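>
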Amino acid sequence: MKTLFFLMPMLIFSQGEFNKKRSNLLAKESLKKPFDKLSGIHVRKKSPGSSDWLFTHKEAGQSFLEYQRFVKVKKGKKYKYIYVKQIGDFSKNQLKVAELSKQYLSLYFNCKVEAMKPMAVNRIPPKYKRKQFGTQQILSTYVLYNILKPRRPKDALAVIALCSSDLWPGKGWNFVYGQASLRERIGVWSIHRNGNPDKQFATCLRRTIKTATHETGHILGLKHCITYECNMNGSNHMAESDNTPLALCPVCLKKLSWNVNSKPLERYKKLANFCKTNKLEKEMKFFNRSIKILSK
């Protein structure tokens with residue numbers, strides 16, 4: 070069975086509950102330096118509202134040791150690049166968001182990002198498109214398995230497509246923000262629902278890089294986080310996604326640092342500088358606060 074991860078929108082497909090005991094157990098995991106220093110500035114995962122992800126999905130979370138045993142994709146000599154492929158027609162400012170997303174992915178995952186040849190949306194057969202909400206949607210699984218998988222370079226740590234069109238993953242779904250396959254090292258996300266960058270550039274950029282890093286995190290084996298408010302939290306709707314931080318919690322940061330061989334302090338400095346340059350004020354302040362703590 071293919072392993073798929075979703076940032077799921079409005080529909081409810083299963084009933085679950087927030088596993089508070091499991092969350093507390095994961096929070097007690099020994100983090101060791103420097104990750105233990107950061108726990109004080111991260112907020113524990115809040116109990117979900119009736120429309121939130123953890124209210125409708127039972128998640129087990131993932132400890133660092135579980136991650137080490139589970140992960141199949143690790144940066145090294147074999148897998149060393151993240152590839153990004155743009156699909157569709159983008160406005161001038163959407164293209165700017167796309168370029169900045171590539172920069173941010175490189176900083177976030179301590180990995181060189183390579184651009185693949187763009188693809189026009191008319192290259193996708195009509196049977197993999199539909200009209201919904203007054204707009205054209207593309208079947209996300211077609212992008213994953215018919216476009217990305219056959220074109221995946223051997224040295225790809227991850228291959229991820231950015232689509233200008235809205236996405237839907239199949240029967241019974243309205244839409245999806247992003248989707249990834251860990252086994253195949255491929256993912257896709259859409260800029261369509263992220264706002265108009267001509268009017269709210271920072272908002273569109275924040276949403277776009279948040280989904281990009283979340284889905285790429287799944288490709289690298291990070292499961293949905295239930296321990297802290299974290300970029301790897303599941304999200305059911307835009308309001309929930311907007312309230313999710315761009316930063317990784319200490320537990321997920323430890324996993325990523327081990328995987329891509331990044332140093333948290335150096336990483337935070339690069340991310341803070343990116344956020345300062347691109348007017349992501351809230352995120353810049355948080356990264357600078359993290360830098361201050363790790364510099365002591």
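Numbering (the working numbering), first residue to last: 70 to 365. Think of the CB as a built atom: it goes at the ideal place given N, C-alpha and C, for glycine as much as any other residue. Note that the structure is a prediction, hence the values are computed from the model and not measured.
(1) Nearest by alpha-carbon distance to SER233: which of PRO187, LEU107, THR210 is it?
(2) Please report the distance separating the alpha-carbon of ASN300 from that of LEU317.
(3) Quick check: the segment 226 to 243 against the segment 256 to 272, are at least 3 beta-carbon pairs closer than 8 Å?
(4) In whole angstroms, what is the alpha-carbon distance linking SER209 and GLY157?
(5) Taking just the CA atoms, how far does ASN312 sit from TYR148?
(6) Closer than 6 Å by C-beta to ARG199: which residues in its own chain qualify, once you throw out the five before and the five after it? Chain order, please.
(7) Identify whether LYS339 lies in helix, strand or coil by the three-state DSSP scheme.
(8) Could you tell me the alpha carbon to alpha carbon distance between TRP237 and LEU340, rounded to whole angstroms?
(9) May I have a chain-ordered list of the beta strand (DSSP E) segments no shorter than 3 residues that lie completely inside the segment 172 to 198?
(10) Quick one: what does DSSP say LYS200 is sitting in, helix, strand or coil?
(11) In this structure, does DSSP put TRP242 in helix, strand or coil?
(12) Whole angstroms is fine: what's the gap from ALA249's alpha carbon to TYR177's?
(13) Could you check which residue in SER92, PHE104, VAL190, HIS126 has the C-alpha nearest to that of LYS324?
(14) DSSP on VAL112, reduced to helix/strand/coil?
(15) In the DSSP assignment, find the unbroken beta strand (DSSP E) run with ASP235 in it and report its ends.
(16) Threshold first: 4 residues or longer. Then list the alpha helix (DSSP H) segments lying entirely within the segment 253 to 295, N to C.
(17) Tell me the DSSP secondary structure of ALA227 in three-state form.
(18) Does DSSP put LEU208 in a helix, a strand or coil?
(19) Which of the three DSSP states is assigned to ALA96 in this structure?
(20) Once the 5 residues before and after ALA96 are set aside, which same chain residues still bring their CB inside 6 Å of it?
(21) On the DSSP bridge list, what partners appear for ILE151?
Reading from the atomic positions:
(1) For the purposes of this step, residue 233 is taken as residue 164 along the sequence shown, with counting starting at 1. Closest option to SER233, judged by alpha-carbon separation, among PRO187, LEU107, THR210: PRO187.
(2) Along the sequence shown, read from residue 1 onward, the residue named residue 300 stands at position 231. Along the sequence shown, read from residue 1 onward, the residue named residue 317 stands at position 248. When rounded, the distance between both Cα atoms is 5 Å.
(3) Touching, yes, given that three or more Cβ pairs across the two stretches are closer than 8 Å.
(4) Numbered from 1 along the sequence shown, position 140 holds the residue referred to as residue 209. Numbered from 1 along the sequence shown, position 88 holds the residue referred to as residue 157. About 13 Å.
(5) Along the sequence shown, one-based indexing puts residue 148 at 79. Along the sequence shown, one-based indexing puts residue 312 at 243. Straight-line Cα distance between these residues: approximately 33 Å.
(6) Numbered from 1 along the sequence shown, position 130 holds the residue referred to as residue 199. For ARG199, where only same-chain residues beyond five positions count, the Cβ hits under 6 Å are GLN206.
(7) Locating residue 339 in the sequence shown gives position 270, where the first residue counts as 1. If DSSP states are grouped into helix, strand and coil, LYS339 belongs with the helices.
(8) Taking the first residue of the sequence shown as 1, we reach residue 237 at position 168. Taking the first residue of the sequence shown as 1, we reach residue 340 at position 271. Each residue's Cα considered, the two are about 31 Å apart.
(9) 181 to 184
(10) The sequence position of residue 200 within the sequence shown is 131, counting from 1. Looking at LYS200 - three-state DSSP - the assignment turns out to be strand.
(11) By one-based count along the sequence shown, residue 242 stands at place 173. Taken through DSSP and simplified to helix, strand or coil, TRP242 comes out as coil.
(12) Here residue 249 is taken as the residue at index 180 of the sequence shown, counted from 1. Here residue 177 is taken as the residue at index 108 of the sequence shown, counted from 1. Cα to Cα, ALA249 sits roughly 18 Å from TYR177.
(13) Position 255 of the sequence shown, counting from 1, holds the residue named residue 324. Here the closest residue by C-alpha is PHE104.
(14) For this step, residue 112 is matched to residue 43 along the sequence shown. It is coil, neither helix nor strand.
(15) For the purposes of this step, residue 235 is taken as residue 166 along the sequence shown, with counting starting at 1. 235 to 237 is the extent of the beta strand (DSSP E) around ASP235.
(16) Listed in chain order, the complete alpha helix (DSSP H) runs (minimum 4 residues) inside the segment 253 to 295 are 270 to 288.
(17) Here residue 227 refers to the residue found at position 158 when the sequence shown is read from its first residue. Strand.
(18) Along the sequence shown, one-based indexing puts residue 208 at 139. In the structure shown, the three-state DSSP call for LEU208 is strand.
(19) Residue mapping note: residue 96 aligns to position 27 of the sequence shown, counting from 1. Of the three classes helix, strand and coil, the one that applies to ALA96 here is helix, per DSSP.
(20) Residue numbering aside, residue 96 sits at position 27 when the sequence shown is read from its first letter. Same-chain partners within the cutoff: THR296.
(21) The residue you call residue 151 lines up with position 82 of the sequence shown. The partner list for ILE151 (beta bridge, DSSP) reads VAL182, ALA227.
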